[in-house]
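Asks:
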Amino acid sequence: MASTADKKVPKHLQPLKRKHTHKKKVESSPAAVTAAPPRVHEEENRVPATISNHHINTLIPNHFYNASNDINQIFNDHSASSPQLFRWTKGRRFVSSQNVPYPLPNDQTELDRHRVQFYIVRWAFESRHITPPPIKKRLFEGINVLDVGCGPGLWVGHPIIDMAEDFKKSTFDAVDICSLLPTDQPTSDNFNLTCHNVTEAPLPFESGTFDYVQQVMAAISYKMDDWPLVLAEMKRVTKSGGYIQLIEPDMYPQQLGPEGELWRDQIHNALRDQRGYEPRIACHLERLVTELDLEDITVKYVSVPVGSWGLDIGHLWEQNFDAFLESARPFLVEKMQITNATYQANTKKLKEELKSGEFKAFNNIYVVYGRVK
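Take the sequence shown: its letters are residues 1 to 373, numbered as in the UniProt record's numbering.
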């Protein structure tokens, strides 16, 4: 599914002309200076999303969150995950199982990247909880929620943890290939984590268990052939009248410079040809959900700038993009059969084009949801 944004930079992403104004002396904090969030695009005749006007600092972990202790405990204490689950390559930690296709590291640096990525997505959609509008109201009343593939580590500030904290009447389950929840991490009584690989076995729940099932940023968690199987399992455990929602960035930064476009395409070819991933799975979500025979399917996307031209959110997304390229380096160097020096040189050219200000790059992040009949 191609979007009109493939052709040119959307108008709302073009930088605003600055006006000269008299400066006022104000008290400020680092979180007080933010760019206007990107605009959410929705197809006509769709039910508009209910968006809460949360400032970015409301998306940051709660007051009892301690970043240093959280991260150190996750990666130094293996009480929740046996060390045999991991291997180390070029100084980065990876899941060791051959049955797990995930190509990125499972270490502190990657956890940091995921943490920031979640905050950016929630900021861009102007919502602490990105859910279908009918579900948002029911969360207060009490429903059963499942998060599939919750990611490499859970922390206070993770979307599913925040949902459990904010909606005490609802119950929340999460599944992932390995548990990295630290033993003394404060969690809610209404939250449960299960270590499970959905590509190897059916979800460990009875059919029709959940009112709402979500999956966020799993583009390279599955091979393309696995997606129909995973989505079918998500549908199986969802009640009739319940909702399924998918959130995925289109891993195709647009409006890059010539060197950046060449390097991006080479990386995509390696992901597809060597491991069967589809980095542009976001553009296929509507088709995949339609094939599930869901009702009232809604598709929307938000465009996020890459680089300083997008002000604060552009800076953050660029840094996250850089961190992704570094996390993917051990895997891509091996699969592309190139040297570290070649990989770093090509990445440097891409970064230099972004820094030049000549190219106004951006990514689209898609949200697709529908109701089970």
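Think of the CB as a built atom: it goes at the ideal place given N, C-alpha and C, for glycine as much as any other residue.
Of all the CB atoms in chain B, is at least one closer than 9 Å to the CB of Gln-108?
Replies: Although the question refers to chain B, the structure presented lacks it and comprises just one protein chain.
Asks: If we count the other Cβ atoms within 10 Å of its Cβ and call it buried at 16 or more, is Glu-291 buried or exposed?
Replies: So Glu-291 ends up on the exposed side.
Asks: Among Gly-260, Asp-312, Trp-227, which has the Cα closest to the Cα of Glu-200?
Replies: Out of Gly-260, Asp-312, Trp-227, Trp-227 has the C-alpha closest to the C-alpha of Glu-200.
Asks: Taking 9 Å as the threshold (C-beta atoms), are Val-306 and Leu-365 in contact?
Replies: Inspection of the sequence shows that residue 365 is occupied by Ile rather than by Leu. Result no, Cβ atoms of Ile-365 and Val-306 do not sit closer than 9 Å.
Asks: By DSSP, does Cys-195 sit in helix, in strand, or in coil?
Replies: Three-state result, Cys-195: strand.
Asks: In whole angstroms, give me the CA-to-CA distance for Ile-338 and Asp-293.
Replies: The alpha-carbon atoms of Ile-338 and Asp-293 are separated by roughly 43 Å.
Asks: With DSSP as the reference, please indicate the residues paired to Gly-370 in a beta bridge.
Replies: Beta-bridge pairing links Gly-370 to Ile-244.
Asks: Kindly indicate which residue of Lys-239, Val-372, Lys-136, Gly-314 has the alpha-carbon position closest to the one of Asp-296.
Replies: For the residues Lys-239, Val-372, Lys-136, Gly-314, the minimum Cα distance to Asp-296 belongs to Val-372.
Asks: In the DSSP assignment, find the unbroken alpha helix (DSSP H) run with Phe-321 in it and report its ends.
Replies: Run containing Phe-321: 311–336, per the alpha helix (DSSP H) assignment.
Asks: Would you mind working out which of Val-116, Gly-208, Cys-150 sits nearest Gly-241, comparing C-alpha positions?
Replies: Nearest of Val-116, Gly-208, Cys-150 to Gly-241, Cα basis: Gly-208.
Asks: Helix, strand or coil for Pro-37, going by three-state DSSP, please let me know.
Replies: Caution applies to Pro-37, whose pLDDT of 43 falls short of 50 and renders its modelled position unreliable; the value that the coordinates give is listed next. Pro-37: coil per DSSP, three-state reduction.
Asks: Whole angstroms are fine: how far does the CA of Arg-122 sit from the CA of Arg-128?
Replies: Those two C-alpha atoms are separated by around 6 Å.
Asks: Can you list, in chain order, the residues of its chain whose CB lies under 8 Å from that of Glu-286, leaving out five sequence neighbours each side?
Replies: Same-chain partners within the cutoff: Met-1, Ile-297, Val-299, Val-368.
Asks: Roughly how many angstroms lie between the CA atoms of Val-198 and Ala-341, to the nearest whole one?
Replies: Cα to Cα, the separation comes out at about 37 Å.
Asks: Taking the straight line between their C-alpha atoms, what separation do you get for Glu-278 and Ile-160?
Replies: Cα to Cα, the separation comes out at about 25 Å.
Asks: Taking one C-beta from the segment 110–117 and one from the segment 317–333 each time, how about it: are there three or more such pairs within less than 8 Å?
Replies: These segments touch.
Asks: Quick check: what's the CA-CA separation for Lys-235 versus Asp-173?
Replies: Looking at the two C-alpha atoms, the distance is approximately 15 Å.
Asks: Is Ala-345 buried or exposed, if buried means 16 or more other CB atoms sit within 10 Å of its CB?
Replies: Result: exposed.
Asks: Run the CB neighbour count on Asn-144, radius 10 Å, all protein chains shown included, and call it buried at 16 or more, exposed below.
Replies: Label assigned to Asn-144: buried.
Asks: Taking C-beta to C-beta, are Ile-247 and Met-217 nearer than 9 Å?
Replies: Going by C-beta atoms, Ile-247 is nearer than 9 Å to Met-217.
Asks: Let me make sure I understand the geometry here. Which of Glu-353, Ile-130, Phe-125, Asp-273 has the alpha-carbon closest to that of Gln-255?
Replies: If we check each option's Cα against that of Gln-255, Glu-353 comes out closest.
Asks: Please state whether DSSP places His-129 in a helix, a strand or coil.
Replies: Coil, per DSSP.
Asks: Can you tell me whether DSSP reads Asn-269 as helix, strand or coil?
Replies: Three-state result, Asn-269: helix.
Asks: What residues match up with Ala-174 in a beta bridge as DSSP calls it?
Replies: Asp-147, Leu-193, per the DSSP bridge assignment.
Asks: Considering only the beta carbon of each residue, do Phe-167 and Asn-190 sit closer than 9 Å?
Replies: Their beta carbons are under 9 Å apart, which means Phe-167 touches Asn-190 by this criterion.
Asks: Under the DSSP definition of a beta bridge, which residues are partnered with Val-299?
Replies: The partner list for Val-299 (beta bridge, DSSP) reads Val-368.
Asks: Excluding five sequence neighbours on each side, which residues of the same chain lie with their C-beta closer than 7 Å to the C-beta of His-315?
Replies: Cβ within range, chain order: Ser-308.
Asks: Determine, using beta carbons only, whether Tyr-212 and Leu-139 come nearer to each other than 9 Å.
Replies: Result yes, Cβ atoms of Tyr-212 and Leu-139 sit closer than 9 Å.
Asks: By the three-class DSSP mapping on this structure, what secondary structure does Tyr-212 have?
Replies: Tyr-212 falls in the strand class under three-state DSSP.
Asks: Hey, out of Asn-269, Phe-125, Ala-164, whose CA is closest to Ser-188's CA?
Replies: Minimum Cα distance to Ser-188 is reached at Ala-164.
Asks: Which value, in whole angstroms, describes the spacing of the CA atoms of Gln-108 and Ser-327?
Replies: If I take the Cα positions, the gap works out to 11 Å.
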